[in-house]
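> So the protein lines, in turn, are chains A and B. Mapping of the first sequence onto our numbering: position 83 corresponds to residue 83, and the numbering continues sequentially without gaps. Mapping of the second sequence onto our numbering: position 49 corresponds to residue 49, and the numbering continues sequentially without gaps.
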Amino acid sequence: DSGVTQTPKHLITATGQRVTLRCSPRSGDLSVYWYQQSLDQGLQFLIQYYNGEERAKGNILERFSAQQFPDLHSELNLSSLELGDSALYFCASSVAHTNSPLHFGNGTRLTVT
Amino acid sequence: GEDVEQSLFLSVREGDSSVINCTYTDSSSTYLYWYKQEPGAGLQLLTYIFSNMDMKQDQRLTVLLNKKDKHLSLRIADTQTGDSAIYFCAETLWGGSQGNLIFGKGTKLSVKP
Numbered sequence: 001d002s003g004v005t006q007t008p009k010h011l012i013t014a015t016g017q018r019v020t021l022r023c024s025p026r027s028g029d030l031s032v033y034w035y036q037q038s039l040d041q042g043l044q045f046l047i048q049y050y051n052g053e054e055r056a057k058g059n060i061l062e063r064f065s066a067q068q069f070p071d072l073h074s075e076l077n078l079s080s081l082e083l084g085d086s087a088l089y090f091c092a093s094s095v096a097h098t099n100s101p102l103h104f105g106n107g108t109r110l111t112v113t
Numbered sequence: 001g002e003d004v005e006q007s008l009f010l011s012v013r014e015g016d017s018s019v020i021n022c023t024y025t026d027s028s029s030t031y032l033y034w035y036k037q038e039p040g041a042g043l044q045l046l047t048y049i050f051s052n053m054d055m056k057q058d059q060r061l062t063v064l065l066n067k068k069d070k071h072l073s074l075r076i077a078d079t080q081t082g083d084s085a086i087y088f089c090a091e092t093l094w095g096g097s098q099g100n101l102i103f104g105k106g107t108k109l110s111v112k113p
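1. Strictly under 9 Å for the Cβ-Cβ distance: is Ala-87 (chain A) near chain B by that measure?
2. Just to check my reading of the structure: Arg-75 (chain B) and Ser-18 (chain B) have Cβ atoms closer than 8 Å, yes? What is that Cβ distance to the nearest angstrom?
3. Going by Cα to Cα distance, which pick from B:Thr-107, B:Cys-89, B:Ser-110, B:Leu-109 is closest to Pro-101 (chain A)?
4. Listing by chain order, which chain B residues have their CB less than 7 Å from the CB of Phe-104 (chain A)?
5. Assuming contact is defined by CB atoms lying nearer than 9 Å, are Ala-85 (chain B) and Lys-112 (chain B) in contact in what I supplied?
6. On the three-state DSSP scale, how would you describe Gly-114 (chain A)?
7. My assumption, with CB atoms under 8 Å, is that Gly-99 (chain B) sits in contact with Asn-99 (chain A). Please give the rounded CB distance.
8. Examine the Cβ distances between the segment 58 to 65 of chain B and the segment 105 to 113 of chain A and report whether three or more of them are shorter than 8 Å.
9. What are the boundary residues of the beta strand (DSSP E) that Ala-41 (chain B) is part of?
10. Please determine if the segment 42 to 58 of chain A and the segment 66 to 77 of chain A are in contact, where contact requires at least 3 C-beta pairs separated by less than 8 Å.
11. How would you list, in chain order, the residues of chain B whose beta-carbon sits under 8 Å from the beta-carbon of Pro-70 (chain A)?
12. Runs of 3 residues minimum, wholly inside the segment 6 to 37 of chain A: which ones carry the beta strand (DSSP E) assignment?
13. Please report whether the beta-carbon of Ala-92 (chain A) lies at a distance below 9 Å from any beta-carbon of chain B.
14. Compute every distance between the C-beta of Ser-93 (chain A) and the non-hydrogen atoms of the ligand ZN, then say whether any falls below 8 Å.
15. List, in order along the chain, the chain B residues whose C-beta lies closer than 9 Å to that of Phe-64 (chain A)?
16. For Thr-153 (chain B), which of B:Thr-81, B:Met-53, B:Ser-7 has the nearest alpha-carbon?
17. Pairing CB atoms from the segment 29 to 46 of chain A with CB atoms from the segment 81 to 95 of chain A, are three or more of them under 8 Å?
18. I need the straight-line Cα distance from Ser-38 (chain A) to Ser-86 (chain A), nearest angstrom please.
Rendered as structure tokens:
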């Protein structure tokens with residue numbers, strides 16, 4: 001058990017809808033990362049937060065947004081969903097903002113129908 | 001640019017050694033990581049090596065780093081059926097202000113009894 005908790009485990013929704021994925025980092029970790037894993041694209045970095053502030057942005061679509069709250073949990077919001085957004089979404093956390101190992105949650109599997 | 005390459009598949013017999021290879025392109029990488037992903041699970045951190053090291057051993061796992069050739073390998077001794085999984089190589093960047101990892105596409109290890 002990595003100590004990173006993601007909810008829900010599975011989500012099925014229709015195109016055009018909006019969903020929120022939630023992540024609680026390991027105790028003591030200040031950085032949270034979101035990744036998308038799909039068969040064709042592999043693991044794609046979306047965004048990083050450190051102690052409540054956005055730290056880095058990767059291949060995150062404008063329809064997606066995230067935030068990290070004062071208690072350090074994070075939410076990833078996906079809106080105007082398309083079939084191609086179906087994927088496994090991982091949250092990871094690390095103690096520092098750089099040069100520290102990432103610990104991953106078990107992911108949220110999103111299916112858009 | 002940043003790119004991490006791995007072969008996609010490896011098949012070995014139980015009890016043999018497995019060697020999973022990875023090449024990376026960014027010469028400024030500091031830490032290189034190996035993660036394991038079992039079906040339906042998140043990414044589990046196996047081990048990591050700092051780029052000023054040549055080798056790191058941890059029980060059945062041996063990591064070798066050839067910095068000149070930008071080549072990283074993971075050797076699993078006495079491979080068991082429970083080692084069947086996808087193994088990801090990842091790098092982070094020196095001096096970066098952010099901590100996200102660049103992942104390879106993963107090597108699927110199949111262990112035959």
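We put the CB at the ideal spot given by N, CA and C, even for glycine. Note that the structure is predicted; figures quoted are calculated from it, not measured.
In short, the structure shows the following:
1. Interface annotation, Ala-87 (chain A): not in contact with chain B, CB-CB separation never under 9 Å.
2. Going by Cβ atoms, the distance from Arg-75 (chain B) to Ser-18 (chain B) rounds to 7 Å, so yes, they are a contact pair.
3. Selected option, being the one with the closest Cα: B:Cys-89.
4. Chain B residues near Phe-104 (chain A): Gly-42, Leu-43.
5. Taking 9 Å as the Cβ cut-off, Ala-85 (chain B) and Lys-112 (chain B) do not qualify as a contacting pair.
6. The requested residue 114 (chain A) is not part of the displayed model; chain A covers only 1 to 113.
7. That pair is a contact at about 7 Å.
8. No: the two stretches stay apart, fewer than three of their Cβ pairs being nearer than 8 Å.
9. Boundaries cannot be given for Ala-41 (chain B), as no beta strand (DSSP E) includes it and DSSP labels it neither H nor E.
10. Touching, yes.
11. Within chain B, no residue comes near Pro-70 (chain A); the closest Cβ sits about 21 Å away, beyond 8 Å.
12. Assignment of beta strand (DSSP E) within the segment 6 to 37 of chain A, counting only whole runs of 3 or more residues, yields 10 to 13, 19 to 24 in chain order.
13. Yes, because at least one Cβ of chain B sits closer than 9 Å to the Cβ of Ala-92 (chain A).
14. Because no ligand of any kind appears in the structure shown, any question about the ligand ZN cannot be addressed here.
15. Residues of chain B with a Cβ closer than 9 Å to the Cβ of Phe-64 (chain A) do not exist, since the nearest Cβ in that chain sits about 16 Å away.
16. Since the first residue shown for chain B is 1 and the last is 113, residue 153 (chain B) is missing from the structure and cannot be characterised.
17. As far as the Cβ criterion goes, the segment 29 to 46 of chain A touches the segment 81 to 95 of chain A, which means the pair count is three or higher.
18. One alpha carbon belongs to Ser-38 (chain A), the other to Ser-86 (chain A), and they sit about 8 Å apart.
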